[in-house]
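Residue numbers (my numbering): 227 to 584.
What follows is a short report on a single structure.
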């Protein structure tokens, strides 16, 4: 392991030197990639330093104990050895995970789309519940959320809502939420007290940089229209809302959240780039999933991933067979416990694949 960590240290020194070179700073794409790599390597180098310190302490303590001539030093050495014996295996497991090549998408910000599925008005209400769940979760992580576009349901909630999330390692965390979410409960509109099953689809699109996706102007049709919904006096009077249609793929992106046409256009292009990027990513993930037979990321965006059962106060994640009887806290934003379990399964799979390199 120390040989691999020394290679990491060598690369860290190279990157540290590269990111201050004028030709690298002037190349935006390369500079962004290298600064991300620098951050990741810095964490590993710090773990390497701690690992070397602990293994040296262990060796030194073993030598003092073997010698046994200094009673005062002997007691200290035993404590030092106990600390090292406990800490080194834990640190080795941490380092093994960190040495597994990271998904380059994980550090990206995201655009989240929630769409009401089967279940009529109740599906729209559930989409609204999911939106509130995620915004509360993002707040708890210190991430910023910003609505891009929405279409309200007739009885509350949303037929569809898009919002962006910015922060640290956002895609690496929220990617586990993509898929079909089901709710089982008695709808507000139900007079007979019968339990209905409704669904909403969550899409998590990694936010593409300009240099990730090149969009030719001739490939995009731009339409301007009047905003609808909340927004003040300019609503329904100025053509500030923007709809983009990508002609080669038929993908559509729109934004009407801002009063400024220019800002709406900018945001709509951000969504369009992310959708195009996600199309390519979906193909890659499907291929990877077929190779890995992964439990967590099947590559199937239409897969049913989770059920929220109100009568039993139960949330079940079908990918890993996890059931928690804590529905109220989860729907109020406490989804970290589910994400942690999914990440644990994914990391275990990755460690199995990478076991031959350690």
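Just so you know, even glycine gets a beta-carbon here, dropped at the ideal spot from N, CA and C.
Helix or strand or just coil, what does DSSP make of residue i?
i, result
"residue 488", "helix"
"residue 535", "strand"
"residue 406", "strand"
"residue 420", "coil"
"residue 227", "coil"
"residue 530", "strand"
"residue 378", "strand"
"residue 390", "strand"
"residue 501", "helix"
"residue 246", "coil"
"residue 340", "strand"
"residue 397", "helix"
"residue 471", "strand"
"residue 571", "helix"
"residue 328", "coil"
"residue 462", "Confidence is the limiting factor: at residue 462 the pLDDT is only 49, short of 50, which leaves the residue's position unreliable and the question unanswerable from this model."
"residue 541", "strand"
"residue 236", "helix"
"residue 448", "strand"
"residue 314", "helix"
"residue 562", "helix"
According to the neighbour-count rule (16 or more other Cβ atoms, all chains shown, within 10 Å of its Cβ), is residue i buried or exposed?
i, result
"residue 274", "buried"
"residue 482", "buried"
"residue 574", "exposed"
"residue 374", "buried"
"residue 466", "buried"
"residue 420", "exposed"
"residue 345", "buried"
"residue 495", "buried"
"residue 228", "exposed"
"residue 254", "exposed"
"residue 252", "exposed"
"residue 510", "exposed"
"residue 443", "exposed"
Could you say which of the options lies nearest to residue i if we only look at CA atoms?
i, options, result
"residue 256", "343, 245, 412", "245"
"residue 453", "376, 381, 496, 495", "376"
"residue 328", "380, 540, 558, 397", "397"
"residue 340", "333, 346, 353", "353"
"residue 391", "382, 229, 473, 401", "401"
"residue 367", "421, 559, 469", "559"
"residue 537", "552, 548, 543, 305", "552"
"residue 181", "474, 344, 310, 497", "Nothing about residue 181 can be read from this structure; the chain reaches only from 227 to 584."
"residue 380", "348, 300, 395", "348"
"residue 555", "243, 360, 569", "360"
"residue 357", "316, 333, 382, 485", "382"
"residue 562", "362, 384, 445", "362"
"residue 316", "280, 388, 291", "280"
"residue 503", "298, 343, 337", "337"
"residue 577", "435, 318, 508, 284", "318"
"residue 232", "292, 321, 442, 283", "321"
"residue 406", "542, 445, 283", "542"
"residue 438", "291, 334, 395", "334"
"residue 314", "282, 292, 290, 412", "282"
"residue 435", "445, 540, 493", "493"
Taking 7 Å as the limit between beta carbons, can you name the residues of its chain near residue i, skipping five residues before and five after?
i, result
"residue 241", "260, 263, 264, 267"
"residue 399", "565"
"residue 288", "307"
"residue 501", "431, 477, 479"
"residue 404", "428, 429, 430, 527"
"residue 271", "234, 235, 238"
"residue 295", "none"
"residue 325", "230"
Might you give, ordered along the chain, the residues of its own chain that have their beta carbon closer than 8 Å to the beta carbon of residue i, omitting 5 neighbours on each side?
i, result
"residue 408", "423, 424, 425, 530, 532, 533, 534"
"residue 364", "370, 371, 391, 393"
"residue 447", "470, 471, 473"
"residue 243", "none"
Report all residues from its chain with a CB closer than 6 Å to the CB of residue i; omit the five preceding and five following residues, and keep chain order.
i, result
"residue 548", "567"
"residue 491", "468"
"residue 331", "397, 432"
"residue 488", "none"
Taking Cβ positions only, does residue i come closer than 8 Å to chain B?
i, result
"residue 542", "No chain B appears in the structure shown, which is made up of a single protein chain."
Worksheet entry | Contiguous beta strand (DSSP E) assignments of at least 3 residues, all confined to the segment 344–370 | none
Worksheet item: Counting only runs that start and end within the segment 250–312, where is the alpha helix (DSSP H) found for 4 or more residues in a row?
Response: 254–293
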